[in-house]
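Below you'll find the structure, written out as structure tokens, and then a few comments.
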Amino acid sequence: MPRILLNLIVHHLHLSSASKMENLLGLTGKDFTIVAASKAAMRGATILKASDDKTRSLNKNTLMAFSGEAGDTVHFAEFVQANIQLYSMRNDTELGPPAVASFVRGELARSLRSKKPYTVNLLLGGYDPITKKPHLFWLDYLASVAPLPYAAHGYAQYYCLSILDKHHHPDIELEQGLKILRMCTDELQRRLPIDFKGMLVKVIDKDGVREIDWDSSKAVKSA
Amino acid sequence: MLNANSPLASGPSYSFATPPNQTSTNIKQHSFNPYTDNGGSTLGITGDDFAILAGDTRSTSGYNINTRYAPKVFKIGEDDGTGESAHIVLSVVGFAADGNALKERLNAIVKMYRYQHGKPMSVKACAQRLSTILYGKRFFPYYVHAILGGLDEEGKGALYSYDPVGSYEREQCRAAGAAASLIMPFLDNQVNFKNQYIPGSGEGHALEARKATPLPRAEVEQLVRDAFTSAVERHIEVGDGLQMLVVTKNGIEEIYDPLKKD
Amino acid sequence: MSSPFSINGGACVAMVGKDCVAIACDLRLGLQSLTVSNNFPKIFPYGDVYLGLTGLATDVTTVADLFRYKVNMYRLREERQISPQTMANLVSTSLYEKRFGPYFVSPVIAGINHTTGKPFICGFDSIGCIDFAKDFIVSGTASDQLFGTCEGLWEPDMEPEDLFETISQALLNAVDRDALSGWGAYVYVIEKDKVTKRLLKGRQD
């Protein structure tokens, strides 16, 4: 069996256990994209940090959230961030979200067939100021990419996609989007056995990237 | 051709051909695999007043053909002594030895039923009994996918399909065995009219699905032939001959058509 | 279970008719049993030639991008469109370059050769062995089911309308019996001077 094939299978099994506890959520609306990431930095069963920022803004109107193997995530994110910023400086123009997604995917796909691939799952949220359309891209560590109206990584996939299936609509306002996101984070708080220390929520729209105050202190009632 | 799911990848399966495993410490380990896959495919379709069970007659072991005529469809409860004719048919595909053992067992039970109760066993009762037999060997199963056919109490065509441990369900049509994955979607389309809609009946949710109605016998027979000639083209374990048993109120009719022998 | 060919799921089929060809794919993208997207097309147009790619999603995108680059370079050098036959050989040699670390894809090609006017389809394994078929080519996790439906429904010399109905029924009924494929479909019917692309809803489960 070719080595790469074994690599893929091994990584697949590897990722399925640890990094599923890291939750990434993203959803688009009429003129914005929301990206949320859990704040706990974990190593095994230990929480090392309760205010981790698993996001990097790549340029004025794109934000990348990441989860996966500890060293890989930040290293890959900052490598991509540096290259996108270099492009902006050289050409005095910003790449649109789909172009950024294509570049990030290309780098991840190249790494997949290298000696030591990055095991990083990504959500790429953006707002295109030219077409005035929101964008959200789902990428896994195999560099599969899918443009989606809403997406998730980790256990959030199992708990939140059904909620988003029911409540999401492409024309929603920011307020409604945050309401749907609240339903998702509440469900995670309700169902997950480990405290993920709340979510860091950021919005990307015509004004760029900004953080939204997200209160997770209120206890969520469960049956 | 390097194919993802070619049999070459997993290798042909024999019951006795498992080689002695040579371990690093030079100890020989022997093993016996009680099951073989004898290939082939079966198929059953019911109509308003009939049921057809069909199967190809090829028997294989790996890439070898054991015989070109090994029936997989049987009459159940036929009595040569009294001349009492059968009204139930059974098809078994998978491990032929288990299939034959199962057929013999069910046959004996259906006959005993008539001797003891003085009336033939209903298909419904036979179907439940077959499930019990299969589940009785839950932890050393008959390695077969069985289909039981006949006429129900109202004289309508009845068909029951089973998994190896006795889960069963009454259906309009069912394909089993090696080429089940090839035949079943074709049957969904041509017997139950799946994915077919009435033209001009509306748009979106208003679009009306074509309703499945029982097909006439001649049409069903032709569908069975088409299904098998298709399967023969693309599956190496299917071929040689097509045996059909047609159950009607007048008894069981047997039809044999040749299939390609390559 | 976790063969690279069946992690993401998907199905593709191409058929020949009378002076026309058709190619169709499903829209699902999944991770094992979890459906991630229901809008992941697997057919990519390169001028007059259409390439269908099933298998590992990352390689579907990589290979599609690779051929966009290669076909664009061909057009710039030759100042003409690539023919389906040339495309077939390009795909074959490109895949064989990766003989010992292949792209986990099963490509399908459909198109009409504008020099001869003849319809052309073919399929490949993941290392570039070409399967020249006169009738139909199938690929993906529903390939067994597609073999059954195509072998049962296809007939020679179909007009474009009949070809559309046949390939659509073959695909829809096949993917309904495969848990890893489905969630809608795209169907391209390619005639000499017209290409029709249709979106089929199909079962949404």
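Chains as they are written, first to last, in my numbering: chain A, 1165 to 1387; chain B, 17 to 278; chain C, 697 to 901. Positions of the beta carbon are idealized from the N, C-alpha and C atoms, including for glycine.
Mind listing the chain B neighbours of residue i? Cutoff is C-beta to C-beta under 8 angstroms, in chain order.
i: Arg873/C; result: Ser197, Met200, Pro201, Asp204
i: Leu859/C; result: Those do not exist, as Leu859/C stays about 16 angstroms from chain B at its closest Cβ, beyond 8 angstroms.
i: Gln865/C; result: Asn205, Asn211, Gln212
i: Asn869/C; result: Pro201, Phe202, Asp204, Asn205, Lys210, Asn211
Looking only at C-alpha atoms, which of the options sits nearest to residue i?
i: Asp1329/A; options: Gln777/C, Pro737/C, Val732/C, Thr837/C; result: Val732/C
i: Asp722/C; options: Ser702/C, Val834/C, Gly706/C, Gly844/C; result: Gly706/C
i: Thr62/B; options: Ala174/B, Ala228/B, Gly71/B, Pro274/B; result: Ala174/B
i: Asn1187/A; options: Asp1377/A, Asp1369/A, Leu1364/A; result: Leu1364/A
i: Ala838/C; options: Tyr799/C, Thr758/C, Thr750/C; result: Thr750/C
i: Ile886/C; options: Ala829/C, Asp874/C, Gly813/C, Leu786/C; result: Gly813/C
i: Ala112/B; options: Val126/B, Gly56/B, Ala67/B; result: Gly56/B
i: Phe860/C; options: Asp889/C, Ala710/C, Tyr792/C; result: Ala710/C
i: Val891/C; options: Cys716/C, Gly848/C, Asn704/C; result: Cys716/C
i: Phe156/B; options: Pro50/B, Asp278/B, Gly267/B; result: Pro50/B
i: Phe736/C; options: Ala1310/A, His1317/A, Lys1385/A; result: Ala1310/A
i: Lys91/B; options: Gly267/B, Arg130/B, Lys277/B, Ala243/B; result: Gly267/B
i: Val848/C; options: Phe66/B, Leu203/B, Thr229/B; result: Rather than Val, the amino acid found at residue 848/C in this sequence is Gly. Minimum Cα distance to Gly848/C is reached at Leu203/B.
i: Thr1237/A; options: Tyr1322/A, Leu1286/A, Leu1227/A; result: Leu1286/A
i: Trp879/C; options: Lys738/C, Leu791/C, Gln777/C; result: Lys738/C
i: Phe740/C; options: Met854/C, Phe832/C, Val759/C, Asn704/C; result: Val759/C
i: Tyr131/B; options: Arg121/B, Asp95/B, Glu120/B, Ala162/B; result: Asp95/B
i: Leu198/B; options: Ala875/C, Ala870/C, Ser877/C, Leu876/C; result: Ala870/C
i: Lys1366/A; options: Gly1190/A, Lys1279/A, Val1199/A; result: Val1199/A
i: Gln728/C; options: Ser698/C, Gly743/C, Cys708/C, Lys714/C; result: Ser698/C
i: Val1384/A; options: Glu1375/A, Arg1374/A, Pro1357/A, Leu1300/A; result: Pro1357/A
Hey, residue i and residue j are a contact pair by Cβ (cut 8 angstroms); roughly how many whole angstroms apart?
i: Val1264/A; j: Gly1232/A; result: Not a contact, Cβ separation roughly 19 angstroms.
i: Arg1277/A; j: Gly797/C; result: 7 angstroms
i: Lys88/B; j: Val109/B; result: 5 angstroms
i: Thr1219/A; j: Ala1229/A; result: 5 angstroms
i: Gly60/B; j: Ser107/B; result: 7 angstroms
i: Val834/C; j: Cys846/C; result: 6 angstroms
i: Ser877/C; j: Gly836/C; result: 6 angstroms
i: Gln777/C; j: Gly748/C; result: Actually they are not in contact, since the Cβ atoms of Gln777/C and Gly748/C sit about 19 angstroms apart, beyond 8 angstroms.
i: Asn211/B; j: Leu868/C; result: 4 angstroms
i: Gln1353/A; j: Ser1326/A; result: Contact doesn't hold; Cβ gap of about 16 angstroms is too wide.
Residues of chain B with CB under 7 angstroms from residue i, in chain order?
i: Phe843/C; result: Leu198, Arg250
i: Asp840/C; result: Ser197, Leu198
Could you check whether residue j and residue i sit closer than 8 angstroms to each other, using their CB atoms as the reference points?
i: Thr52/B; j: Ser77/B; result: yes
i: Glu1258/A; j: Asn1223/A; result: yes
i: Val745/C; j: Ile817/C; result: no
i: Val160/B; j: Gly115/B; result: yes
i: Ala881/C; j: Ala720/C; result: yes
i: Leu275/B; j: Gly255/B; result: yes
i: His1332/A; j: Tyr1314/A; result: yes
i: Ala194/B; j: His251/B; result: yes
i: Tyr176/B; j: Ala143/B; result: yes
i: Arg74/B; j: Ile81/B; result: yes
i: Phe820/C; j: Phe701/C; result: no
i: Pro201/B; j: Gln841/C; result: yes
i: Ala883/C; j: Arg873/C; result: The amino acid occupying residue 883/C in the given sequence is Val; Ala does not appear at that position. Cβ distance not < 8 angstroms, so Val883/C and Arg873/C don't count as in contact.
i: Gly93/B; j: Lys127/B; result: yes
i: Ile6/B; j: Ala192/B; result: Past the boundaries of the shown model lies residue 6/B; chain B is included only from 17 to 278, so the question cannot be answered.
i: Asp273/B; j: Leu261/B; result: no
i: Asn704/C; j: Leu730/C; result: no
What residues from chain A crowd round residue i, counting only those whose CB sits closer than 9 angstroms?
i: Leu895/C; result: Result: empty, since nearest Cβ-Cβ is about 16 angstroms, beyond 9 angstroms.
Which residues in chain A sit within 8 angstroms of residue i, going by Cβ to Cβ distance?
i: Asn704/C; result: Ser1308
At 7 angstroms on the CB atoms, spell out the chain C contacts of residue i, in chain order.
i: Ser246/B; result: Gly844, Glu847, Gly848
i: Ala1273/A; result: Thr754, Thr758
By the criterion of Cβ-Cβ separation under 8 angstroms, what are the contact partners of residue i in chain C?
i: Leu1259/A; result: Correct list: empty, because the minimum Cβ distance to chain C is about 16 angstroms.
i: Leu1276/A; result: Thr754
Cβ-heavy atom distance between residue i and the ligand ZN below 7 angstroms?
i: Ala174/B; result: Among the ligands in the structure shown, none appear at all, so the ligand ZN cannot be discussed.
Taking only beta-carbon positions, decide if residue i is within less than 8 angstroms of chain F.
i: Arg1220/A; result: Absent from the structure: chain F. Protein chains present are A, B and C.
What residues from chain C crowd round residue i, counting only those whose CB sits closer than 9 angstroms?
i: Arg1321/A; result: At residue 1321/A the sequence reads Gln, which differs from the Arg that was named. What Gln1321/A touches in chain C: Leu727, Leu730, Val732.
Original post:
Given a limit of 8 angstroms on CB to CB distance, which residues of the region 1291-1315 of chain A reach chain C?
Top reply: Trp1302, Asp1304, Leu1306, Ala1307, Ser1308, Val1309, Ala1310, Pro1311, Leu1312, Ala1315
Original post:
Name the residues in the region 717-737 of chain C whose C-beta lies less than 8 angstroms from a C-beta of chain A; which are they?
Top reply: Leu725, Leu727, Leu730, Val732, Ser733, Asn735, Phe736
Original post:
Taking any Cβ of chain C, which residues in the region 83-111 of chain B have a Cβ under 7 angstroms from it, in chain order?
Top reply: none
**OP:** Residues of the region 746-757 of chain C with a CB closer than 9 angstroms to any CB of chain A: list them in chain order, please.
**Re:** Leu752, Ala753, Thr754, Asp755, Val756, Thr757
**OP:** Scan the region 36-66 of chain B for residues whose Cβ lies nearer than 7 angstroms to a Cβ of chain C and list them as they occur along the chain.
**Re:** none
Original post:
Any residues in the region 796-820 of chain C with a beta carbon nearer than 8 angstroms to a beta carbon of chain A? Which ones, in chain order?
Top reply: Phe796, Gly797, Pro798, Phe800
Subject >> Under 7 angstroms (Cβ pairs) to chain C, residues found in the region 229-245 of chain B >> reply: Asp242, Ala243
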